[in-house]
Amino acid sequence: MVSTLKNELVAALDRYEWPRGQHGFYIPIDYLEKYVTVEAVSAQLLTDCPLLEPQKVADYAETIRAKAQKLYTILLCMDKGHCIADFLDGGISDINLPFLRSDHGTAASIQTPGTKHELCASNHFTTCEKHEHTGCGIKALESWQSHAIRALSRDQWQVLVPIFEPLQDGKIPHYEFDMNTIFPYVEDHQAVNDSYVKSGGYSRVWGVRMHWAHQKIYKSTDPNVSEPLLAIKRPFSRDIRDFKKEANMLSTLALRQHPYLVKLLATYKYKGDYHFVFPYANTNLRGYWDDTRLPYRNRDTYMWGLNQLCGITSGINAIHNFKATEYPLESAEAAPNLPGLNVSVGKYLTVAHEEQKYGRHGDIKPENILWSNELSGSGNEGILQLTDMGLGRFHRLESRSGIDATGLSGSPTYAPPEVCLEKKISRSYDMWSLGCVFMEFVTWLVEGKEQIYQFASARNLLVGEDTYDDLYYTIITQDNGSKHAVVRQSVIDWFKHLKEQARCSDMLKDVLDVVETGMLVINSEDRKKCYDVVKELEKIISKAQTSDSYLLGDMPITDPESGVKLPMGANTRYAPNSTPKPKAVGEATSQILLEDLPGIVVSAHELEGNNVTHGEPSGGSNTHASSHVRQDLSRTTSYPGTTLPIMSSPLHQKLQ
1 MVSTLKNELV
11 AALDRYEWPR
21 GQHGFYIPID
31 YLEKYVTVEA
41 VSAQLLTDCP
51 LLEPQKVADY
61 AETIRAKAQK
71 LYTILLCMDK
81 GHCIADFLDG
91 GISDINLPFL
101 RSDHGTAASI
111 QTPGTKHELC
121 ASNHFTTCEK
131 HEHTGCGIKA
141 LESWQSHAIR
151 ALSRDQWQVL
161 VPIFEPLQDG
171 KIPHYEFDMN
181 TIFPYVEDHQ
191 AVNDSYVKSG
201 GYSRVWGVRM
211 HWAHQKIYKS
221 TDPNVSEPLL
231 AIKRPFSRDI
241 RDFKKEANML
251 STLALRQHPY
261 LVKLLATYKY
271 KGDYHFVFPY
281 ANTNLRGYWD
291 DTRLPYRNRD
301 TYMWGLNQLC
311 GITSGINAIH
321 NFKATEYPLE
331 SAEAAPNLPG
341 LNVSVGKYLT
351 VAHEEQKYGR
361 HGDIKPENIL
371 WSNELSGSGN
381 EGILQLTDMG
391 LGRFHRLESR
401 SGIDATGLSG
411 SPTYAPPEVC
421 LEKKISRSYD
431 MWSLGCVFME
441 FVTWLVEGKE
451 QIYQFASARN
461 LLVGEDTYDD
471 LYYTIITQDN
481 GSKHAVVRQS
491 VIDWFKHLKE
501 QARCSDMLKD
511 VLDVVETGML
521 VINSEDRKKC
531 YDVVKELEKI
541 ISKAQTSDSY
551 LLGDMPITDP
561 ESGVKLPMGA
571 NTRYAPNSTP
581 KPKAVGEATS
591 QILLEDLPGI
601 VVSAHELEGN
611 NVTHGEPSGG
621 SNTHASSHVR
631 QDLSRTTSYP
641 GTTLPIMSSP
651 LHQKLQ
């Protein structure tokens, strides 16, 4: 009779694979919890080891359930379940996984003829001082043939699938994964369809869904979605300094829980590349504008828009008040590529000395502002969140590996005039860029998305031979060669144009006045500070809350009296098979040795598996599984300033 336990485990192994078609099969941790029970193991042992005494069977079954579920599952799927006693009698259990070859960490790639690989317990290498670890292999494997040892070395990763879970103190976890790691993905856009992958000058971003039992860092607000889409961002730079700088800022901002800043969920290193994990947004602001076309003119919509502008500004203020004690702003940064203006990508901008210790975004644009209505607290109308924080701080020219220099930019359209004038840059750089976005946002509220593109066309100016740009300013060169900037006349005209429109209420005129007099100002020192803009917008909000005529104007309302039109189009992605067709709101309806790495302080304490508060996945608790994975992920490391933990294990390789 074929074992039911083995059938269930093999069925799971056949079902889950990443990447699809590359034989990276895995068994989710919840299957082990469900099927590798004392009763099932006892029945299997009686079949595989008929000579074992009943008491021995009971003892082994209890031990397997308590601390050797993964090891037993591997052996069972290899038709080696009868060997489990040899391992347990030798003191080998899940805590010793993964088994590493005795030549682990050596440069040799050719095995000496007549020898076979030896597998050692992962924690063996921390105590053994033998150079090549010959004779240090696991005793239970001494009688195994080479092909079986190779299969065990390969197949063990099928049960060593990582669990992404939050830390007890709310800090952001960082994982160092072995190159053999199989990720618990049930959907991976990068592996399936490259059109879903977005690549920019500095990183590559795509969506994934993780098996619910392995993803506890983020939970969808939709109770029908147990495996929400996550965004994986992989910077092109492999420099640990660049990674630590960005991780330092993002983890600190995540701890502040600012609702208008995209929250970092986790970071990890895999095959030499660093990765950041975020919630996946439905679309960005550009896509939102395109997919709503002309918004409603009513109280809900105008108040929502006003609150979003204030919220994003508040988020930028949080960045501007982030003080980097260990990693100040780079004293020189690559300038955006501005064809025709003699400012090439090879040029460097100088950061004002007094600004080097403060945060700055450096690339504010609609594409870096995300919209989602599937985040906690977002409401059905959705929320805007700023992403790519720290772009201006952390990415140097040499970080942009393999990217065409002509395509690089800090978004030239929204870059301030000090870029072309080669003046020192500061946080006021962001205020100019934000003013550009504000102007387009108001344009969308008043006239819809088509006029945003009309506005860009109006700004289009010939600045060189066959070269045009759509900047918000123009560079004037005097006869003596000196240069100065002025706000482009088409921008000045557009301010006037918007204010003349019937849909442009006094509230929106006040917002435009803040932009015109305090943000789109040529001299960076004369621009309003971010905090001051927040205060101005709060005053406007306060006034709008008590006066419909101020908020909306006196023009009769022909749109629905309540609700916010939601985006419906090719640019917006909603949770599949769960989120109803969008309606308007209101409408009925391995031990890592880090001591040698500069700037990293090692925290030697172990995380106690059963004392950690685990997130509970949809569909029931899984604390037993979580305590087991704690044996795999058992150390933390602190980054200076923010104590960003690194969760690591014996299966992880030493940082390069």
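Mapping to the UniProt record's numbering: the sequence shown position 256 is 256, numbers consecutive. Yeah, the Cβ is synthetic: ideal placement off N, Cα and C, and Gly gets one too. Nothing here was measured: the structure is a model prediction, and the numbers come from that model.
What's the C-alpha gap between residue i and residue j?
| i | j | result |
| --- | --- | --- |
| L294 | T558 | 13 Å |
| P598 | L253 | Per-residue confidence for P598 stands at a pLDDT of 30, beneath the threshold of 50, marking its modelled position as unreliable; the derived number appears in the next sentence. If I take the Cα positions, the gap works out to 23 Å. |
| S331 | E176 | At S331 the pLDDT is 38, less than 50, meaning the model places this residue with poor confidence; the figure from the coordinates comes in the next sentence. When rounded, the distance between both Cα atoms is 31 Å. |
| P54 | F278 | 51 Å |
| T517 | H214 | 51 Å |
| K365 | P412 | 10 Å |
| M555 | N298 | 11 Å |
| I84 | L75 | 7 Å |
| S378 | I240 | 34 Å |
| Y472 | N317 | 23 Å |
| L32 | L97 | 16 Å |
| T292 | L306 | 17 Å |
| E525 | S428 | 7 Å |
| I217 | G569 | 29 Å |
| N248 | P173 | 12 Å |
| E374 | L537 | 26 Å |
| K535 | D548 | 21 Å |
| D273 | K139 | 36 Å |
| D596 | C128 | Annotation note: pLDDT 30 at D596 (below 50); position unreliable, coordinate value reported separately. Cα to Cα, the separation comes out at about 20 Å. |
| R488 | T474 | 5 Å |
| A11 | R65 | 20 Å |
| D169 | G464 | 56 Å |
| A245 | C310 | In the sequence as presented, Ala is not what sits at residue 245; that position holds Lys. Cα to Cα, the separation comes out at about 27 Å. |
Whose CA, out of the options, lies closest to the CA of residue i?
| i | options | result |
| --- | --- | --- |
| T283 | A213, Y270, I369, H361 | I369 |
| T47 | Y429, R256, T267, H82 | H82 |
| R154 | W432, E33, L100, N523 | L100 |
| S426 | Q44, N523, M179 | N523 |
| K271 | K56, K6, F183, V208 | F183 |
| M179 | C136, S220, L160, S102 | L160 |
| M78 | S102, G553, A151, C310 | A151 |
| F164 | D532, L508, L264 | L264 |
| R503 | V463, L551, N480, A58 | L551 |
| Q545 | V10, N248, T301, K269 | T301 |
| P560 | Y296, Y468, L445 | Y296 |
| V186 | A247, Q44, R65, R15 | R15 |
| G21 | V208, P259, D188 | D188 |
| T477 | M519, I492, C420 | C420 |
| E142 | K171, G90, T4, T181 | G90 |
| T181 | R573, S505, Y268 | Y268 |
| D510 | I541, I492, E450, V521 | I541 |
Ordered along the chain, which non-local residues of its own chain (more than five positions away) have a Cβ less than 6 Å from that of residue i?
| i | result |
| --- | --- |
| E440 | I452 |
| Y288 | W371, P567 |
| A61 | V38, V41, S42 |
| F25 | L13, E17, Q158 |
| S490 | A458, R459 |
| A121 | N96 |
| S401 | For S401, the predicted structure reports a pLDDT of 35, less than 50, and the residue's modelled location is therefore unreliable. The matter cannot be settled from this model. |
| R209 | V186, E187, E227, L229 |
From what residue to what residue does the beta strand (DSSP E) around residue i run?
| i | result |
| --- | --- |
| I206 | With the sequence shown as reference, residue 206 is identified as Trp, and Ile is not the correct amino acid for it. Where W206 is concerned, the enclosing beta strand (DSSP E) stretches over 203–210. |
| G464 | 461–464 |
| P54 | Careful: P54 lies outside any beta strand (DSSP E), inside the alpha helix (DSSP H) at 54–67. |
| I425 | Segment: none, I425 is in no beta strand (DSSP E) and carries neither H nor E. |
| K6 | It is not in any beta strand (DSSP E) - K6 instead sits in the alpha helix (DSSP H) that spans 4–15. |
| W18 | From DSSP, W18 is part of no beta strand (DSSP E); its letter is neither H nor E. |
| E265 | Per the sequence shown, residue 265 should be read as Leu rather than Glu. No beta strand (DSSP E) holds L265; DSSP gives it neither H nor E. |
| K483 | 483–487 |
Cβ of residue i within 7 Å of any heavy atom in the ligand PLP?
| i | result |
| --- | --- |
| C420 | Looking at this structure, you won't find the ligand PLP or any other ligand, since it has none at all. |
Please work out which residues of its chain come closer than 7 Å, Cβ to Cβ, to residue i, disregarding the five sequence neighbours upstream and downstream, and give them in chain order.
| i | result |
| --- | --- |
| L512 | V442, F495, L498, K499 |
| L285 | P366, I369, W371, L384 |
| L261 | L253, G315, A318, Q385, L386, M389 |
Tell me which residues share the same chain as residue i and place their Cβ nearer than 8 Å to its Cβ, disregarding the 5 neighbours each side in the sequence.
| i | result |
| --- | --- |
| S93 | T63, K67, A68, L71, F87 |
| H23 | E17 |
Identify the continuous alpha helix (DSSP H) that holds residue i and give its terminal residues.
| i | result |
| --- | --- |
| Q308 | 299–320 |
| F164 | Looking at the DSSP string, F164 is not in any alpha helix (DSSP H), and its letter there is neither H nor E. |
| T47 | 38–48 |
| E246 | 240–255 |
Taking only beta-carbon atoms, is residue i less than 8 Å away from chain C?
| i | result |
| --- | --- |
| Y574 | Absence of chain C from the displayed structure is noted, only one protein chain being present. |
Is it a yes or a no for the stretch 132–151 touching the stretch 218–231, going by three-plus beta-carbon pairs under 8 Å?
Not touching, per the Cβ criterion.
Do the stretch 524–541 and the stretch 479–486 make contact, defined as three or more Cβ pairs closer than 8 Å?
Result no; under three Cβ-Cβ pairs closer than 8 Å.
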